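Just add 2 to wherever you are in the sequence shown, counting from 1, and you've got this note's numbering.
Backbone N, C-alpha and C fix where the C-beta goes; we use that ideal spot for every residue, glycine too.
Keep in mind that this is a model prediction, so the values were computed, not measured.
Since the structure comes first, as structure tokens, the remarks are kept for the end.
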Amino acid sequence: MPQKGTCKFEECTRLRVAVIAAGVVGKATGTGLAAKGHNIVFYDLDLAKMAQLGLEGYGTASSIREAVDLSSITMICAPTPTVNGSVDTKALLSISAEVGNALREKPRYHLVVVRSTIPPGVTRGQVIPQIELSSQSKIGPNIGVCHNPEFLREKFALHDFLHPGAVVIGEGDETAGDKLESLYSSFGSPIARCSLETAEMIKYTSNLFNAAKISFFNEIDQACRAVGVNSEEVSKLMPQLALGLRDDLKEWGIYGGRPFAGMCLPKDLEAFISFMKTKGTDLPLLSAVKQVNDRVGNEKKAPMVLVNA
């Protein structure tokens, strides 16, 4: 991981940034960067949002072309909703095409940053080809592309943007990564640089873990109610007791390819699932945990993690 302050760009302290799509992510991104001293211009199809941003003192553009012309970095924060079970990238690709058209006549280096949540491979396989087609230029010499996922809570988006646990930069090439790192140089947070696909996967992994954690404790709540135990009394001690939640053991259990084993975890999991069945309560998530562990344990090259809990 490169150290902060090693960027090759002289204009590290103040950059001109266009934010395309001013929803929760876009507004937090733009207003947060403005608070750090960068020059920000917003563009959104929603005229009411644009008017409000103008009233709040932020720069706005009348088109994507104007926003690109006024900036050296364009951050695309397009929504990517799930439609019929799949990610809808129409808005993202439409914006990418317009950004590419605007870059066709721009002589200086320009960085395009995708903030939208997308499956691994979309930036390289769809966004970049669209930008190259529309700009009639290959990514590299004059155009850079990065994927910079967001980790924001809707109600605390600006706070979370300004105080990230880490900044993830999926870079199309080193020059693009340097440029984006310079934008975040004043944040004081760890900066992790990786491939485009890794950055996309990091975002999904974070969201999926959060979803699984919530469902796990909901399932524990159901089990507690079935046996007459207060689930809040149980759950509130887990950050101090459960190895995967303790601050001093944050990396415990996060590396794949190694099933849990040892004297306690396998037997306790199986016994608890069976016990709850006698109480008329099925535990589908914990049952799936056992299935996954059994499957990984059957892989010949999977090393065993011996845990005495």
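Rounded C-beta distance between residue i and residue j? I'm assuming under 8 Å.
i      : j      : result
Gly102 : Ser136 : 3 Å
Ile141 : Ile130 : 6 Å
Gln128 : Leu95  : 6 Å
Cys148 : Ala178 : 5 Å
Glu68  : Gly123 : With 8 Å as the limit, Glu68 and Gly123 do not qualify as a contact, their Cβ atoms being about 31 Å apart.
Phe113 : Gly146 : Before going on, a small fix: residue 113 reads as Leu here, not Phe. The Cβ separation is near 4 Å, so the contact holds.
Gly39  : Arg16  : 6 Å
Leu105 : Ser139 : 7 Å
Ile22  : Ile97  : 5 Å
Ala225 : Leu287 : Incorrect: roughly 11 Å between the Cβ atoms, too far for contact.
Leu247 : Met240 : 5 Å
Quick one: grab the DSSP three-state call for residue i.
i      : result
Gly295 : Reading off the sequence shown, one finds Asn at residue 295, where the question assumed Gly. Helix, per DSSP.
Tyr2   : Lying before the first or after the last residue shown, residue 2 is absent from the chain, which here runs from 3 to 311.
Arg16  : coil
Ala42  : The sequence given here places Ile at residue 42; Ala does not occur at that position. Correct three-state label for Ile42: strand.
Ile275 : helix
If distances are taken between C-alpha atoms only, which option among the options comes closest to residue i?
i      : options                           : result
Asn150 : Leu47, Ile222, Cys79 and Asn232   : Cys79
Ser217 : Leu198, Glu199 and Ser237         : Ser237
Ala24  : Leu17, Ile42 and Glu183           : Ile42
Leu271 : Asp71, Ala214, Ser88 and Ile222   : Ile222
Val2   : Leu267, Lys279, Gly282 and Thr283 : This structure leaves residue 2 out entirely; the chain is present only between 3 and 311.
Arg117 : Ser188, Lys29, Phe219 and Ile66   : Lys29
Ala263 : Asp296, Arg18 and Ile145          : Asp296
Ala93  : Gly282, Pro81, Leu164 and Ala104  : Pro81
Gly259 : Ile133, Asn300 and Leu160         : Asn300
Glu156 : Val26, Gln293, Leu288 and Leu287  : Val26
Thr125 : Lys269, Ala213 and Thr91          : Thr91
Asp71  : Gly34, Ser88, Glu58 and Tyr111    : Tyr111
Glu100 : Ser187, Phe277, Met77 and Ala50   : Met77
Glu202 : Phe163, Ala63, Val115 and Tyr45   : Val115
Leu35  : Thr84, Glu152, Tyr186 and Gly172  : Tyr186
Gly174 : Asn144, Leu164 and Phe158         : Asn144
Leu210 : Ala228, Phe153, Glu234 and Ala273 : Phe153
Gly109 : Phe163, Ser289, Ser73 and Gln132  : In the sequence as presented, Gly is not what sits at residue 109; that position holds Pro. Of the listed residues, the one whose Cα sits closest to Pro109 is Ser73.
Ala37  : Phe163, Trp254 and Asp284         : Phe163
Val298 : Gly255, Pro261, Met265 and His165 : Pro261
Tyr257 : Gly282, Thr207 and Leu243         : Thr207
Gly190 : Thr283, Ser197, Val169 and Leu49  : Val169
How far does the beta strand (DSSP E) with residue i in it extend, from its first residue to its last?
i      : result
Leu113 : His112 to Val116
Ala178 : Ala178 -> not in any beta strand (DSSP E); alpha helix (DSSP H) instead, spanning Glu176 to Leu185.
What is the residue span of the alpha helix (DSSP H) that residue i lies within?
i      : result
Val129 : Taken as a continuous stretch (DSSP letters only), Val129 belongs to no alpha helix (DSSP H), as it is neither H nor E.
Gly56  : Leu49 to Leu57
Gly25  : Segment: none, Gly25 is in no alpha helix (DSSP H) and carries neither H nor E.
So is the beta-carbon of residue i under 6 Å away from any non-hydrogen atom of the ligand FMN?
i      : result
Lys279 : The ligand FMN is absent from the structure shown, which contains no ligands of any kind.
7 Å is my cut-off, CB to CB: does residue i come that close to chain C?
i      : result
Gln138 : No chain C appears in the structure shown, which is made up of a single protein chain.
field: Start-end ranges of the alpha helix (DSSP H) lying completely within the region 136–173, minimum 4 residues
entry: 159–164
- prompt: Which runs of the alpha helix (DSSP H) spanning at least 4 residues fall entirely within the region 61–98, listed in chain order?
  reply: 66–71
- request: Output the residue ranges of the alpha helix (DSSP H) runs that lie fully inside the region 189–267 and measure 4 residues or longer, sorted by chain position.
  value: 198–228, 233–237 and 240–243
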